[in-house]
Each structure stands twice: as structure tokens, then as C-alpha cells.
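What follows is one structure encoded as C-alpha cells, with my remarks underneath.
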Amino acid sequence: MTRSFCPGTYALVQIVTRAVAWMTGVTTLVILAFIINQWSDKAGAVAAGLVGSAIAILNDSYIVVAKLDRAFGFSPLSPARALLHDLFSLAISLGGIVMIIFSRYTYQADAFAALESDSSPQITSGVGDPDVISREGFSQNKMLAISVWMLTAVV
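Residue numbering for the sequence shown follows UniProt numbering, starting at 1 and increasing by one per position.
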């Protein structure tokens, strides 16, 4: 029979913090996948954000599992190694933030006009059509701005 293990206060704070970071990473992945699904021309710009979020999720998952249950055989990471993994995820996520910010500019003469433009698909429906959802809130610029803030939270 496996011996019962209850983590200390510091470990519990780490577990809760890593769990919140894990949820933030998953939410960021969903938002970035939505951007790729709706605007495939932005796939290259959000790729680094996807990779950075995935690395952060894997790192957070490993640390939480290693701290919660030692029966799985995951040895806890040393603080230096956890920091190294976090810095690697941070660097890639920061690259994703920069790529998303610069992807908002197009080759138009006026870059500020490009930021104000909205290329989101609009769905219109007739009266009484309950199957069609209005998507006015999901503009490309708004979703890219949300993804930048979510990647910042992952960082």
C-alpha cells in the first residue's frame, strides 16, 4: 500500500498557482485555435503563441502531478530546472506576442487604417432563424488583442 502524502503549505500554493496557469494556457490555446480557424492567414503569426502555451501547459502539468502524487513516479523538478522550463516557455510566448502584434499591420499605406479595419465574417439571418448566431463581437482585431493579453497572462 502506498503511503499517504500531504503537501505542505508552500507546495499547495505552488499547485494552485500552476493549476490557474494551466487553465490560462488552455484558454489561450482555444482562443488561438479559434483565430486560426476563422482567419487562416494569421496561422503563422499565432504559431509561436500556440507552441509557447503548449510548453507552459506541459510544464505546469508535470509540476502539479509531481507534487500531488509520488506514486506516478514523476520526480519533482529542482527549482533551477523548473525556472529553465518556464524561461523557455516565456521566450517562445513573448515571440508569439511580438508576432501577433506585428501581424496586425498589413502592407497598406496607412498602418493605422489597417488596425481600424475589420475583416471578420458577418453572418446575417432572417427574422425567426434561431440557428444562426451573430458574430459581431468576434472581430479579427478584437480577437488578436485578446490573444495578446492571454499570452501575456501565460508569460
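Here a beta-carbon is modelled for each residue, glycine too, at the ideal position from N, C-alpha and C.
CB-CB under 7 Å to residue i, same chain, minus the five flanking residues each way: which ones, in chain order?
i: residue 11; result: 67
i: residue 92; result: 48, 51, 52, 55
i: residue 130; result: Since pLDDT at residue 130 reaches only 46, below the 50 mark, its modelled position is unreliable, and the value read off the structure follows with that caveat. Result list for residue 130: empty, nothing under 7 Å.
i: residue 102; result: none
i: residue 26; result: 57
Restricting to Cα atoms, I'd like to know which of the options is closest to residue i.
i: residue 17; options: 50, 94, 59, 88; result: 59
i: residue 97; options: 149, 87, 84, 41; result: 149
i: residue 153; options: 75, 42, 24, 65; result: 24
i: residue 140; options: 73, 38, 27; result: 38
i: residue 61; options: 45, 144, 20; result: 20
i: residue 87; options: 155, 8, 45, 36; result: 155
i: residue 90; options: 57, 69, 9; result: 57
i: residue 143; options: 46, 13, 26, 75; result: 46
i: residue 43; options: 65, 69, 100, 64; result: 100
i: residue 151; options: 13, 15, 14, 22; result: 22
i: residue 65; options: 36, 15, 35, 146; result: 15
i: residue 13; options: 75, 63, 73, 138; result: 63
What residues in its chain sit with their C-beta under 8 Å from that of residue i, if we drop five residues either side in the sequence?
i: residue 95; result: 48, 52
i: residue 85; result: 55, 59, 77
i: residue 6; result: none
i: residue 9; result: none
i: residue 147; result: 28, 31, 32, 35, 46, 49, 100
Examine chain D for any beta-carbon lying closer than 8 Å to the beta-carbon of residue i, and answer yes or no.
i: residue 139; result: The structure shown contains no chain D; it holds only a single protein chain.
Ignoring anything shorter than 4 residues, give me the alpha helix (DSSP H) runs that lie fully in the segment 62 to 86, in order along the chain. If only complete runs of 4 or more residues are kept, the segment 62 to 86 shows no alpha helix (DSSP H) anywhere.
| query | Do the segment 67 to 80 and the segment 24 to 39 meet, that is, are 3 or more Cβ pairs less than 8 Å apart? | reply | No, the segment 67 to 80 is not in contact with the segment 24 to 39.
4 or more residues per run - each alpha helix (DSSP H) lying fully within the segment 5 to 44
If we require 4 residues or more, the alpha helix (DSSP H) runs fully inside the segment 5 to 44 come out as 9 to 38.
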